[in-house]
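Novice: Residue numbers (the numbering used here), protein chains in the order written: chain U, 26 to 137; chain E, 26 to 137.
Number of protein chains: 2
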Amino acid sequence: MTKAERTDLLFHALSDATRRDIVRLVLQGEHSVSDLARRYPMSFAAVQKHVAVLERADLITKHQRGRERIVRGRIDSVRDVNRLLDELEANWRNRIQRFGDVLAGPDEGEHS
Amino acid sequence: MTKAERTDLLFHALSDATRRDIVRLVLQGEHSVSDLARRYPMSFAAVQKHVAVLERADLITKHQRGRERIVRGRIDSVRDVNRLLDELEANWRNRIQRFGDVLAGPDEGEHS
DNA sequence: CTAACGTACAACCATATGGTTGTAGATGAG
DNA sequence: CTCATCTACAACCATATGGTTGTACGTTAG
Numbered sequence: 026m027t028k029a030e031r032t033d034l035l036f037h038a039l040s041d042a043t044r045r046d047i048v049r050l051v052l053q054g055e056h057s058v059s060d061l062a063r064r065y066p067m068s069f070a071a072v073q074k075h076v077a078v079l080e081r082a083d084l085i086t087k088h089q090r091g092r093e094r095i096v097r098g099r100i101d102s103v104r105d106v107n108r109l110l111d112e113l114e115a116n117w118r119n120r121i122q123r124f125g126d127v128l129a130g131p132d133e134g135e136h137s
Numbered sequence: 026m027t028k029a030e031r032t033d034l035l036f037h038a039l040s041d042a043t044r045r046d047i048v049r050l051v052l053q054g055e056h057s058v059s060d061l062a063r064r065y066p067m068s069f070a071a072v073q074k075h076v077a078v079l080e081r082a083d084l085i086t087k088h089q090r091g092r093e094r095i096v097r098g099r100i101d102s103v104r105d106v107n108r109l110l111d112e113l114e115a116n117w118r119n120r121i122q123r124f125g126d127v128l129a130g131p132d133e134g135e136h137s
């Protein structure tokens, strides 16, 4: 998977309020898929799909405990998203830097 | 528009590589829609749609100059996304804090 | 004025998305 | 063992998404 593809998955996963809430919950502590499903006004299968989207984006991990699947948040992936945004910001800073360079540059050609 | 709806729009807008690249470009400097369209292997109308998605999410602004529409990036919206992620991370930190509290808490009930 | 350019927008299409219900397989409780 | 619980997964549906082409309109260059 390319970096762009993974980035697509990350942002797409976070573009839904239910999924963001699930991430919030499982960063606070462990929850089974059923635990999560009880919280939202939709079917178990729907929540299952949301969890699958988050898993594909590496925002959560699932592991079995008895008959339950325990969901945990992966804080490092949330931070990856932060880093991706910083890369966008960096371009903005570079632009500002260049703009500043012009202002602070040698007075060539000014006043003719 | 609710906060969640705006957050949906922000993350959705950033979930596409072409759109992220457009944001990167227009944070560096101004570009007309045609300028942008020339860069990508898709029709002008397709790029136009991407720009519209970014505009709806407030990640860019458009203003007319002659017959061109100039696109500029809105760095503050990129930072809004950063802030939203920090809110998710905050829940994680709270969890760690509580975990630390337990470790550092009064030795009640221990050793019977 | 006229032609070329930049843009907007509608119509259309294939596929993805987010939801549903239903079925079936593991697993734990009693 | 038997039953209830938790999960997985398929099939289905309505709508959203990302692309296309075509048409129309404002603006500038010559």
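Cβ coordinates follow ideal geometry from the N, Cα and C atoms, glycine included.
Nothing here was measured: the structure is a model prediction, and the numbers come from that model.
1. To which residues does DSSP link Q89/E through a beta bridge?
2. Just to confirm, is the Cβ distance from T27/U to H75/U under 8 Å?
3. Could you tell me the alpha carbon to alpha carbon distance between H37/E and Q89/U, rounded to whole angstroms?
4. Just mark E133/U as buried or exposed, buried being the case when its beta carbon has 16 or more other beta carbons within 10 Å.
5. For L50/U, report the span of its alpha helix (DSSP H) as first-last.
6. Give me the chain U residues within the contact set of I100/E, using Cβ-Cβ distance strictly less than 8 Å, ordered along the chain.
7. Of the residues Q122/U, I121/U and V48/U, which one's Cα is nearest the Cα of D83/U?
8. Check S68/U in the structure and name its three-state DSSP category.
9. Are there three or more Cβ pairs, one per stretch, closer than 8 Å when the segment 109-117 of chain U is compared with the segment 62-69 of chain U?
10. Output, in chain order, the set of chain E residues within a Cβ distance shorter than 7 Å of G54/U.
11. For R94/E, which of D33/E, S57/E and R45/E has the nearest alpha-carbon?
12. State yes or no: is the beta carbon of R108/E nearer than 8 Å to at least one beta carbon in chain U?
13. Considering Cα atoms alone, identify which of E80/E, S59/E and L79/E is closest to A70/E.
14. Over the uninterrupted alpha helix (DSSP H) stretch that includes R31/E, give me the two end residues.
15. Going by alpha carbons, who is nearest to V72/E out of R99/E, R92/E, D41/E and G91/E?
16. Under a Cβ-count criterion, where at least 16 other Cβ atoms within 10 Å of its own Cβ denotes burial, should N119/U be classed as buried or exposed?
17. Residues of chain E with CB closer than 8 Å to the CB of D163/U, please, in chain order.
18. Please list, in chain order, the chain U residues whose beta carbon lies closer than 7 Å to that of H37/E.
Specialist: According to the structure shown:
1. R94/E
2. no
3. 31 Å
4. With a pLDDT of only 48 at E133/U, under the threshold of 50, the placement of this residue in the model should not be trusted, and no figure is reported.
5. A42 to Q53
6. E114 and W117
7. V48/U
8. coil
9. no
10. R120
11. S57/E
12. no
13. S59/E
14. K28 to A38
15. D41/E
16. exposed
17. Only positions 26 to 137 of chain U appear in this structure, which leaves residue 163/U out of reach.
18. S40
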